[in-house]
Amino acid sequence: MIDLHAIITPSLLEQLAQARIPWSKDEIVTGNAMINENFSDEITLSRRAHIAWPALVAISEKYGPHTVPDMTSFLPPVEAPTFPEQALGLQVLLDQCPRILFSGVDGRWTSYFDRIVRRLYDEFFGGHVLPEQRPWARNRWPDASFEYWFCAAWELTASMAHQESVPHQEDSVAGVERLRCLVEAHAGVRDPVRDSDGRHRL
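Here it is in C-alpha cells:
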C-alpha cells in the first residue's frame, strides 16, 4: 500500500513553492525578474521539478486515471500560518510539474492532474474556506513583500486558466482582475492596458 503522506511531505511542498518563487519573502521583486522567471527557458522550477516525480508517480499508481482524489489532507489546517505556502507547493506539484516532466505520449497525464487541481480549487472556493482564508489572500502572507505575495497569488490564480472548464477559466479572469486592481492601488497607477485595444481587456 502506497503511503502518500510519506512522499508528499511538508518539506517537499515547501521546496516546490520556493522553486516556483525563488526569492526571499521580503524581497521587492522587479517586474523584469518576474517575467524572466516565468517565461524564460531557464526558470528555477525546471531545474527542480524532478523532486516532484516520485509524488506524481505515486498519485497515479494509487488512484489511477479514473479517480480524482481530494488532496486537502496533505495541507495543514486552513488557519495554520503555513497553509498558504503549503497550498502553493501543492499547486506547483499538481499543475506546474506535470507540464515540465511529462512529454510525448505521457503528456496525457497533464489533463489527469488538471482534474485534481480543479477539485483542489473547488475546495478552496467552498463555503468552509472563507475568502480571507484562501491561500492567495494578501493577509495570509503578512511577512511577504507586496511583490512576493503578488507572485504567489498570480501563480495560484493562473492555474485555473489551464482548466478546460469555462467557469474555472472565468474564475481565473476574475482573479487576475482582482490582482490588477490591487496592483493599481499599490502603485498608484492605472494599468495602461485598460485603455488599449479592447481585445486585451479583461
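Per the working numbering, the sequence shown starts with residue 1, numbered consecutively.
Glycine is no exception: its CB is placed at the ideal position from the N, C-alpha and C atoms.
Where the alpha helix (DSSP H) containing residue i begins and where it ends
| i | result |
| --- | --- |
| Lys-62 | 53-63 |
| His-128 | Run containing His-128: none; DSSP gives neither H nor E here. |
| Asn-32 | 31-39 |
| Glu-42 | Element bounds for Glu-42: n/a, residue is neither H nor E. |
| Ala-80 | Premise fails: Ala-80 is in no alpha helix (DSSP H) and is neither H nor E. |
| Glu-170 | 166-187 |
| Phe-146 | 146-158 |
| Gln-96 | Note, Gln-96: premise wrong, no alpha helix (DSSP H); not H, not E. |
| Arg-20 | 10-20 |
Pairwise C-alpha distance: residue j and residue i
| i | j | result |
| --- | --- | --- |
| Leu-202 | Pro-98 | The pLDDT assigned to Leu-202 is 40, lower than 50, so where the model puts this residue is not dependable; a value taken from the coordinates is nonetheless given after this. Near 28 Å, if we compare the C-alpha coordinates of Pro-98 and Leu-202. |
| Pro-69 | Ser-11 | 21 Å |
| Cys-181 | Ser-46 | 31 Å |
| Phe-113 | His-168 | 15 Å |
| Trp-109 | Lys-62 | 14 Å |
| Thr-30 | His-66 | 42 Å |
| Asp-158 | Asn-36 | Note on residue identity: the sequence assigns Ala, not Asp, to residue 158. Cα to Cα, the separation comes out at about 17 Å. |
| Val-92 | Ala-152 | 11 Å |
| Gly-188 | Arg-194 | 15 Å |
| Gln-96 | Ser-172 | 16 Å |
| Ser-196 | Met-71 | 41 Å |
| Met-34 | Pro-192 | 19 Å |
Selected residue, minimal CA-CA separation from residue i, among the options
| i | options | result |
| --- | --- | --- |
| Phe-146 | Ile-28, Phe-102, Pro-22 | Ile-28 |
| Glu-155 | His-186, Thr-82, Val-176, Val-193 | Val-176 |
| Glu-79 | Asp-114, Arg-134, Lys-25, Thr-9 | Arg-134 |
| Ile-2 | Arg-20, Asn-38, Ala-58, Ile-35 | Ala-58 |
| Asn-38 | Ile-21, Arg-138, Val-193 | Ile-21 |
| Arg-115 | Ala-144, Met-160, Ala-174 | Met-160 |
| Leu-56 | His-5, Cys-151, Trp-141 | His-5 |
| His-186 | Ala-174, Val-117, Phe-150, Asp-171 | Phe-150 |
| Ala-144 | Pro-76, Thr-44, Pro-81 | Pro-81 |
| Ser-24 | Ser-111, Tyr-148, Met-71, Arg-119 | Tyr-148 |
| Val-117 | Ser-165, Glu-184, Thr-44 | Ser-165 |
| Arg-138 | Val-183, Ile-43, Asp-171 | Val-183 |
| Ile-43 | Gln-18, Ser-196, Asp-26 | Gln-18 |
| Ile-8 | Leu-90, Pro-142, Ser-111, Glu-132 | Leu-90 |
| Asp-26 | Glu-123, Pro-142, Ala-174, Ser-60 | Pro-142 |
| Gly-64 | Arg-140, Tyr-121, Ser-111 | Ser-111 |
Exposure of residue i, with buried meaning 16 or more beta-carbon neighbours within 10 Å
| i | result |
| --- | --- |
| His-200 | Residue confidence for His-200 is low, a pLDDT of 45 falling below 50, so the modelled location carries little weight and cannot support an answer. |
| Phe-125 | exposed |
| Arg-178 | exposed |
| Leu-94 | buried |
| Leu-130 | exposed |
| Ser-40 | exposed |
| Ser-73 | exposed |
| Asp-106 | exposed |
(Q) Three or more C-beta pairs under 8 Å: does that hold for the segment 71-91 against the segment 5-23? (A) yes
Q: Would you check if there are 3 or more beta carbon pairs closer than 8 Å linking the segment 90-109 to the segment 49-56?
A: Enough Cβ pairs lie closer than 8 Å, so yes.
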